[in-house]
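Enquirer: FYI, the numbering for the sequence shown is 28 to 341, going by my numbering.
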Amino acid sequence: MMVQCRHGVRGVRLIGKMLLSVLMLCCLTDVACSDGKSDTAYDVTLRRLPQIPPGTVIGTEAPPGWSHLLLKTYSRPGAGDVKKLSPTADRLTRLLFTAIVADVRPQVERGDKGERGKRYKLEKVAVGLGTRIGDKDVIITPDTQQRLGADLGLLARIVLSKAQEKLDDMVVVARSATFLVFDSPSFLAVEGQHKPIVLRYAVLVEEQTGRVNTLVWPVGRDADGNYGEPLGAIQWLPANLTEDCLLHIDGNEFCLGQPTERAFAITSPPKGQKEIPMGDDLKLLAARPRFSSAAAAELEAKLWKELTLFSREP
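1. Please report the distance separating the alpha-carbon of T72 from that of S213.
2. Do I293 and the ligand NAD come close, with the Cβ less than 7 Å from some heavy atom?
3. Contact check, R132 vs K110 under 8 Å by CB: the rounded distance?
4. If the criterion is Cβ atoms closer than 8 Å, does the pair L242 and L98 meet it?
5. How many angstroms separate the CA atom of T11 from the CA atom of S338?
6. Compare the beta carbon distance of E88 and N267 with 8 Å and say whether it is the shorter of the two.
7. Excluding the 5 residues preceding and the 5 following C53 in the sequence, name in chain order all residues of the same chain whose CB lies nearer than 7 Å to its CB.
8. When you compare only the Cα positions, how much space is there between S320 and G176?
9. Cα separation between V165 and Y101?
10. What ranges does the alpha helix (DSSP H) occupy inside the segment 177-233, keeping only unbroken runs of at least 4 residues that lie completely in it?
11. Tell me the rounded alpha-carbon separation between V82 and D195.
12. Kindly indicate which three-state DSSP category E88 falls into: helix, strand or coil?
13. Helix, strand or coil: how does DSSP classify L278 here?
14. Distance check for K193 and A201, CA to CA, integer angstroms please.
15. Hey, how far is the Cα of I160 from the Cα of L264?
16. Determine, using beta carbons only, whether L273 and R121 come nearer to each other than 8 Å.
17. Am I right that L215 and K222 are in contact with their C-beta atoms under 8 Å? What's the rounded C-beta distance?
18. Name the residue from F124, S203 and I79 whose alpha carbon lies nearest to the alpha carbon of L187.
19. Please report how far the alpha carbon of L309 lies from the alpha carbon of Q300, in whole angstroms.
20. How big is the Cα-Cα spacing for R315 and E333?
21. What does a CB cutoff of less than 6 Å around S381 pick up in its chain, not counting 5 residues either side in sequence?
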């Protein structure tokens, strides 16, 4: 079915008020508006994922101030109604890249006889949007793109603003000194249909070595945003993963040439170096919308068990 276009200043104002109300509600209830950390072993307060400072140059390894590049993806149309895209729309879908970085630091342990060793701690994980400026990939925001030299046109600025709104929806659902889980709302192409999902990422740090393991798996959502079951295996991502994010295009989800929220969907999660099948004992835990401290600890333990098992395989 084709998307029906509706116009009207009143509708736009209403949507604006609704978005403002949601933002205020989040700041006053269970979504924390700061990046502060709890003193407990597992912090399960919902918090927005921190964002990479604008102006940061993202190459093929971690940028200065960060220890690890977890993922860098370039979006481009690759399936579905690609031929229905105008040259301008095609160019705009390729405008931005997404980067996820982490900072892991050693913590010196001291005892009565001095230094006893080091244990590594996950200080922070952050995400950012960027574009090509000159010969570099640079993190930008709607407020900084012109100053940083991107000098985007009107349509490109609209695309960036919409993408920034999506970035603001990425939420940390559990974290400890060596573990962090965050959700990224998206759409996944399933048999040609664009299904709402979250991409759930888990970052696990080996306390003795500082090695970082990044896992990701899709979790289904219904029309009301309620979480369903995991959709497929866990992807164990390699370090410094840089890849194209192929988009499936639904030509029916355009109104006067403008895409709706469902017009674009990823064709698959980021591709891992290994796929870890998800057993029944892990599925319910891996798809929980919220975690208790005990549930977060259980998830971390089960994920470490899977990593240990699959690290032995060739």
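All C-beta atoms in this analysis are idealised placements derived from N, C-alpha and C, irrespective of residue type, glycine included.
Expert: On the basis of the data shown:
1. 22 Å
2. Here there are no bound small molecules, and the ligand NAD is not part of this structure.
3. About 49 Å; that fails the 8 Å criterion.
4. no
5. Here the chain comprises residues numbered 28 to 341, so residue 11 is not present and cannot be evaluated.
6. yes
7. Residue confidence is low: C53 scores 37 on pLDDT, short of 50, so the model does not pin down where it sits. Its coordinate-derived value is still stated next. Around C53: no qualifying Cβ.
8. 44 Å
9. The straight-line gap from Cα to Cα measures roughly 13 Å.
10. 181-195
11. In the sequence on display, residue 82 carries Gly and not Val. Each residue's alpha carbon lies about 18 Å from the other.
12. In this structure, DSSP gives E88 a state outside helix and strand, which the three-state scheme calls coil.
13. The sequence as given places Gly at residue 278; Leu does not occur at that position. Correct three-state label for G278: helix.
14. 20 Å
15. 27 Å
16. no
17. 5 Å between Cβ atoms; contact.
18. F124
19. 20 Å
20. 18 Å
21. Shown here, the chain extends from 28 to 341; a query on residue 381 therefore has no answer.
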